[in-house]
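Q: So for the sequence shown, my numbering puts the first residue at 22; every next one is plus one.
Every residue, glycine too, gets a C-beta built ideally from N, C-alpha and C.
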Amino acid sequence: MVEQFELIKKGTAEIVPEEELKEKLKKGRPLRVKLGIDASGPDIHLGFAVVLRKLRQFQDLGHTVILIVGDFTAKIGDPSGRSKTRPQLTDEEVKKNMERYREQIFKILREDRVEFVYNSHWLSKLTAEDVVKLSAKYTVARMLERDDFKKRFKDGNPIAIHEFLYPLFQAYDSVVVRADVELGGTDQKFNLMVAR
22 MVEQFELIKK
32 GTAEIVPEEE
42 LKEKLKKGRP
52 LRVKLGIDAS
62 GPDIHLGFAV
72 VLRKLRQFQD
82 LGHTVILIVG
92 DFTAKIGDPS
102 GRSKTRPQLT
112 DEEVKKNMER
122 YREQIFKILR
132 EDRVEFVYNS
142 HWLSKLTAED
152 VVKLSAKYTV
162 ARMLERDDFK
172 KRFKDGNPIA
182 IHEFLYPLFQ
192 AYDSVVVRAD
202 VELGGTDQKF
212 NLMVAR
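#1: Would you check if the distance between the CB atom of leucine 189 and the CB atom of isoleucine 97 is smaller than 8 Å?
#2: Spatial neighbours of alanine 216 within its chain, please: CB distance less than 6 Å, with the 5 preceding and 5 following residues excluded, ordered by chain position.
#3: Please state whether DSSP places glycine 177 in a helix, a strand or coil.
#4: Are the beta-carbon atoms of histidine 84 and leucine 52 separated by less than 8 Å?
#5: For arginine 167, count neighbouring C-beta atoms within 10 Å of its own C-beta (all shown protein chains included) and say buried if the count is 16 or more, exposed if not.
#6: Quick check on DSSP: helix, strand or coil for arginine 134?
#7: Compare the beta carbon distance of phenylalanine 137 and leucine 76 with 8 Å and say whether it is the shorter of the two.
#8: Using the C-alpha atoms, what's the distance from aspartate 112 back to isoleucine 129?
#9: Between the Cα of arginine 163 and the Cα atoms of Phe127, Phe211, Leu204 and Arg131, which residue gives the shortest distance?
#10: With distances taken from CA atoms, which of Val152, Glu27, Met22 and Leu67 is nearest lysine 48?
#11: With 16 as the cutoff for other CB atoms within 10 Å, does threonine 94 come out buried or exposed?
#12: Out of Lys146, Gln80 and Ser61, which one is the CA nearest neighbour of lysine 116?
#13: Using 8 Å for Cβ pairs, my map puts isoleucine 65 next to tyrosine 122. What's the rounded Cβ distance?
#14: My assumption, with CB atoms under 8 Å, is that serine 13 sits in contact with aspartate 92. Please give the rounded CB distance.
#15: Using the rule of at least 16 other Cβ atoms within 10 Å of the residue's Cβ for burial, across every protein chain shown, is methionine 214 buried or exposed?
#16: Look at the alpha carbon of valine 90 and the alpha carbon of lysine 175, and state the distance between them as a whole number of angstroms.
#17: Taking the alpha-carbon positions, what's the leucine 42 to phenylalanine 26 distance?
#18: Check each candidate in Leu46, Leu147 and Ala34 and name the one with the smallest Cα separation from valine 72.
#19: Give the DSSP-derived three-state secondary structure of glutamate 203 in the structure shown.
#20: Leaving aside the five residues before and after glycine 68 along the sequence, list all residues of the same chain whose C-beta is less than 8 Å from its C-beta, in chain order.
#21: By DSSP, does tyrosine 187 sit in helix, in strand, or in coil?
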């Protein structure tokens, strides 16, 4: 367990919380390690490759990688680090981008050790009542703690309601796939913490 933890920790900016990961590793069962990807452009970027290499480490240690294709959330657009609302993508754009992502992802990950799931399978089935219940779990004040939202609000720049839903949907993804571990870039920390 100690060796696995040290290997996993190497090259990471932060593990939140470390003790929880150590406890899960102590149980000796394969962990479900989740990464969500929105196919918002045709190519993955270098920073994304770093996260994929970490996923490969988890695979090599015997853990299961859950790759959530954000085909639903890509149409919203992740507001992380954005000074303005992203343009919404069409279904066709998302599908085309995801085909390219798959080609690139499997140059790093073992395809036989990945569960590939699409978040439209559960998010598109949410009713208005479900969205209201999900939204009730978070406040606008909490959302405005995000640096990007705080700055936009302070500067008088618009923040669309669907952007507030994005981190809630990302958290819902984690619950649906029963993730033991979630990976993401440092820009994703707020979104990842919503699920906790």
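A: According to the data block:
#1: no
#2: Ala192 and Ser195
#3: Here glycine 177 sits in coil by DSSP.
#4: yes
#5: buried
#6: helix
#7: no
#8: 26 Å
#9: Phe211
#10: Met22
#11: buried
#12: Ser61
#13: 6 Å
#14: Nothing about residue 13 can be read from this structure; the chain reaches only from 22 to 217.
#15: With a threshold of 16 other beta carbon atoms within 10 Å, methionine 214 falls short and is exposed.
#16: Valine 90 and lysine 175: Cα-Cα distance of roughly 33 Å.
#17: 8 Å
#18: Ala34
#19: strand
#20: Gly206
#21: helix
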